[in-house]
Every structure is written in structure tokens, then in C-alpha cells.
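In terms of the numbering used here, the sequence shown opens at residue 24 and continues consecutively.
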Amino acid sequence: MWGNDNFQENLGMVQLYPSVQGPGVNPAIPLGRSVTLNFDILADDYEFLYVKLIHCDYEWRTSNLSELQYLPVYNEFAINDFAYSANTLVNYINYHITLPPVAKSGNYVAVVYRQGESDKPILSRRFLVFENNVAINARVQFSSIVSKQNTHHEIAFDLRYANLEVFNPYSDIKIALLQNHNWEGVIKDLKPTVQRIDQKYLEYYPLNGENNFPAGNEFRFFDARATQYRGQNIAAVFPENGRYVCKLGRDFPRSALPYSGLILDSNGGFRIENTNPGANLLESDYLLVDFQLEAPSYDGDVYVSGTFNQWHRDDRNRMTYDPDRQLYTARLRLKQGFYDFQYEVGGNNNYEIEGSYREAENQYEILVYFSDPLGAFDRIVGYTSLSSRN
């Protein structure tokens with residue numbers, strides 16, 4: 024199964040986004056549009072790198088389509104647009120490529136590899152290509168489960184598929200729901216609660232919470248766009264052993280606090296920026312960012328997560344606990360920029376630290392897949408994005 028993965032240690036920040044809209048936008052595009060891939064490798068010399076596109080099924084496994092069916096050109100694209108960092112303590116090469124439009128909708132993965140080593144990927148990133156063949160009527164509401172009404176959001180929606188020939192909508196139409204484009208918490212395999220086949224209409228209003236997400240809280244954030252002065256929520260910035268260290272202020276659990284909507288977050292996103300006087304993006308350095316959370320010991324590992332690390336929980340973002348100081352700490356390597364993040368407890372309630380409040384704002388996506396028996400692949404025939412505040 025393909026995911027959003029980094030396969031080598033010296034890989035820096037990776038961004039994949041719609042070419043028309045630019046960085047910071049979720050990689051979901053209409054059929055006929057393109058995506059742009061931008062990433063750094065922390066090294067002194069350029070390498071010959073290539074990208075290939077892999078069409079996947081609903082489960083993110085390589086589909087049965089041949090490459091000639093979804094690409095009009097040979098599926099290997101040299102990354103010829105590259106540039107060296109300048110005036111940075113950490114040397115890196117920035118790679119940039121706009122990928123060609125594909126001919127079929129569905130789940131795709133962009134895979135980067137070295138020349139002649141397509142079986143040894145450096146990174147992989149998911150993106151979505153959708154058609155507009157389904158009318159989606161959707162809303163985000165408080166949970167219909169009484170015990171979850173103060174903590175969860177519910178995605179209620181119905182579909183009209185007048186432009187499709189669907190013989191068995193119960194099995195041939197599949198749904199995926201995303202919160203803040205986080206594939207680690209995707210809701211899948213929802214079944215319609217009402218079918219009107221003669222009207223080509225489906226309703227998805229389950230009664231047992233299958234369409235519920237914990238609402239969470241507004242994300243924490245820090246401004247590490249500068250190395251010459253402290254940004255918001257930064258306690259100190261200083262050089263150490265040939266690197267800049269960015270020390271965040273001490274954080275505390277928020278689950279016992281009342282909800283506050285004063286934070287204007289980016290729903291877990293990040294922006295690569297450099298606000299040092301006269302600097303450009305190639306002068307953006309890689310920082311060692313120190314996180315610290317003062318809290319009692321939790322029953323499970325604690326992680327720092329957000330879009331910047333694809334919401335993964337692994338050794339790279341696991342926090343270390345000091346019981347004497349009751350302090351969790353972690354040091355992450357991040358590029359100068361503005362970052363949203365949160366603390367999560369693995370294997371437990373993700374919001375044990377942050378709390379979960381129905382007033383929190385989140386961005387949701389509804390993906391409608393059609394397992395076309397004639398085409399023998401999973402198309403994305405409908406897509407919509409909506410906020411819990413609308």
C-alpha cells in the first residue's frame with residue numbers, strides 16, 4: 024500500500040500541491056490539471072532524480088491500469104529544475120517539478136527515485152484526481168450521538184449520480200472522508216442509509232456515529248520564519264554545533280481548559296517562509312526545533328504531529344519523558360517557516376492532551392469513488408471540501 028512516506032534520513036521538507044493554487048493547498052485536483060512537487064535533500068551535490076506516477080485503487084494499492092492508460096507520455100520525469108541553498112548553515116539542494124496531467128481520475132502517488140533505481144524510492148506522496156460526475160449535498164453538524172455532541176463533528180451528506188451508469192450502488196460506490204487531509208484518520212467503507220435507485224440518489228446519515236470525527240482543538244503554532252529574531256511562541260533562537268536551534272515556549276495540556284477560538288490556525292498546515300531582512304527562500308535554513316510539554320506521564324507514547332510530518336507517529340517525532348521534571352521533550356528538524364502542530368497520545372485518545380470541542384474549526388473532504396466494472400479501476404467521480412464553520 025502506498026502512503027506519504029520518506030525513505031531516507033537526509034530528505035528535507037516536501038510539498039505537493041495543485042500547480043494553479045500553489046503551496047499550502049491540499050493535493051486534490053480536477054481531471055486535466057497538474058500538481059507540483061517541491062522538496063529538499065540535505066546534501067552538497069546534485070543528484071539525477073526522477074519521478075513516476077502510480078495509479079492506485081481505493082485502498083492505495085497499485086491498480087490494474089497500465090501506465091499507457093493514464094499517461095500519454097513515458098512514465099519517467101527527470102527533475103531538471105534544482106537550486107543550491109545559499110548562506111545557510113545546513114547545505115541542501117531544492118528540487119522542483121510540475122508533473123503532467125493524467126488521463127484517468129483516481130488515487131495517485133508521485134514516487135521520487137535516483138537514476139536507474141526506480142525500485143528504491145526516496146519519497147512518495149499521495150494526490151487525488153477527481154471528476155465532477157456526482158452532485159454532493161453535505162453539511163458538518165454536531166454528533167447525533169448524545170455522548171459525543173460536545174466533542175465530535177458529524178459529516179452528513181447525500182449524492183445524486185445522474186451522469187453515471189451504476190448497476191449496484193451499494194457495492195460499486197465507495198466513500199472516504201478526511202479531516203484536515205489527514206490520511207491517518209480517514210473514515211472509509213460507509214454504506215448508504217437510503218437508496219433510491221430509480222432517482223440515482225443515495226443518503227449517508229448513519230445513526231451509530233460511523234461518520235463522526237473527534238473535533239479536536241485549534242492547533243498550536245509557532246513562527247520560525249526568522250533566525251535573526253524570535254517569532255511568535257518562540258522562546259529562543261541560537262546557533263549550536265553548526266545548526267540553528269529554535270526553542271519553543273513550554274506547553275501545557277489543554278483538555279481540561281474551556282475552548283478558546285482566539286487561535287487562527289491553518290488546520291495543521293505549514294508554510295515555508297523566510298523573513299530575515301533581504302533573504303530569499305533559498306536562504307531558508309534547517310532548524311532544530313525543541314518542543315517541550317509539561318504534563319503527567321500518559322499511558323502511551325506522545326508525539327508531535329501535523330501536516331509537516333504527514334501526521335505519522337514514529338521515532339522521528341516521538342517525545343521523551345523526564346519523570347523528575349514531568350516534562351516531555353522532542354527535537355525535530357524543520358525548515359524556516361510557520362507551523363501548526365498538536366500533541367497526540369499514540370494508541371489512546373488522540374485528544375487526551377489537546378481536548379476535543381465541537382466549536383473547533385476543521386476542513387473536511389468527501390471523496391466518492393466508483394468501481395467501474397467496465398473500466399476495471401476505481402475512479403473518483405465526486406469531490407467536495409467544506410468547513411465545520413460553514
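All C-beta atoms in this analysis are idealised placements derived from N, C-alpha and C, irrespective of residue type, glycine included.
*If you draw a straight line from the C-alpha of Phe153 to the C-alpha of Gly291, how long is it?*
23 Å
*asked:* Beta-carbon within less than 6 Å of Gln386's beta-carbon, same chain only, minus the 5 sequence neighbours each way: which residues are those?
replied: Asn203, Asn290 and Ser410
*asked:* Quick check on the DSSP output: the alpha helix (DSSP H) that includes Ser194 runs from which residue to which?
replied: Pro192 to Asp195
*Hey, Thr103 and Ile64: beta-carbon distance below 7 Å or not?*
For clarity, residue 103 is Asn in the given sequence; the question names Thr instead. Contact: no.
*In terms of residue numbering, what span does the beta strand (DSSP E) encompassing Leu91 cover?*
Not the beta strand (DSSP E): Leu91 falls in the alpha helix (DSSP H), residues Glu90 to Tyr93.
*asked:* Is it the case that the stretch 293 to 312 contacts the stretch 247 to 264, given that we only count it when at least three CB pairs across the two stretches are under 8 Å?
replied: yes
*asked:* At 4 residues or longer, what runs of the alpha helix (DSSP H) sit wholly inside the stretch 278 to 327?
replied: none
*asked:* Ignoring anything shorter than 3 residues, give me the beta strand (DSSP E) runs that lie fully in the stretch 229 to 285, in order along the chain.
replied: 235 to 237, 243 to 247, 257 to 263 and 266 to 271
*DSSP state of Lys127 mapped onto helix, strand, coil*: coil
*Identify whether Asn29 lies in helix, strand or coil by the three-state DSSP scheme.*
strand
*asked:* If contact is defined by three or more beta carbon pairs under 8 Å, each pair taking one atom from either stretch, is the stretch 49 to 63 in contact with the stretch 109 to 126?
replied: yes
*Whole-angstrom distance between Asp401 and Gln218, CA atom to CA atom*: 21 Å
*What does Phe165 pair with, by DSSP beta-bridge criteria?*
His176
*Give the DSSP-derived three-state secondary structure of Asn87 in the structure shown.*
coil
*Once you ignore the five residues that flank Asn110 on each side, which residues in its own chain have a CB closer than 7 Å to its CB?*
Glu306
*For Leu200, count neighbouring C-beta atoms within 10 Å of its own C-beta (all shown protein chains included) and say buried if the count is 16 or more, exposed if not.*
buried
*Candidates Thr407, Ala133, Phe190 and Asn49: closest to Asp221 by CA position*: Phe190
*asked:* Suppose you measure from the CA of Asn27 to the CA of Val132; what does that come to, to the nearest Å?
replied: 8 Å
*At what residues does the beta strand (DSSP E) containing Tyr81 begin and finish?*
Careful: Tyr81 lies outside any beta strand (DSSP E) and carries neither H nor E.
*Assign Asn373 to buried or exposed, taking buried as 16 or more other Cβ atoms, counted over all protein chains shown, within 10 Å of its Cβ.*
buried
*Best match in Arg412, Arg253 and Gln349 for proximity to Gln359 [C-alpha to C-alpha]*: Arg253
*Report the rounded CA-to-CA distance for Asp322 versus Gly378, giving the unit in angstroms.*
16 Å
*Does the distance from the CB of Phe364 to the CB of Val327 come in under 7 Å?*
yes
*Thinking C-beta only, is Tyr309 closer than 7 Å to Phe331?*
no
*Would you mind giving the Cβ-Cβ distance between Gly232 and Lys171, rounded to the nearest angstrom? I have them listed as a contact below 8 Å.*
6 Å
*Whole-angstrom Cβ separation of Ile178 and Val163, contact assumed at under 8 Å?*
6 Å
_Contact belief for Asn98 with Ala66 at Cβ below 8 Å, rounded distance in angstroms_ = Asn98 to Ala66, Cβ: 26 Å. No contact.
*asked:* Quick check: what's the CA-CA separation for Asn443 versus Tyr392?
replied: The structure shown does not extend to residue 443, since the chain is modelled only from 24 through 413, so no value can be given for it.
*How about the stretch 275 to 294 and the stretch 35 to 49: do they share at least three Cβ pairs that are nearer than 8 Å?*
yes
*Give the C-beta separation of Gln315 and Thr352 to the nearest angstrom, bearing in mind that I take them to be a contact with Cβ-Cβ under 8 Å.*
5 Å
_For the beta strand (DSSP E) containing Thr216, name the first residue and the last one._
Where Thr216 is concerned, there is no enclosing beta strand (DSSP E), given that its DSSP letter is neither H nor E.
*In whole angstroms, what is the alpha-carbon distance linking Ala101 and Ser147?*
16 Å
*Using the beta-carbon count (16 or more within 10 Å), is Glu384 buried or exposed?*
buried
_Per DSSP, the bridge partner or partners of Ile198_ = Val391
*Interface flag, Gln202 vs chain C, CB-CB below 7 Å*: This model lacks chain C altogether; it includes just one protein chain.
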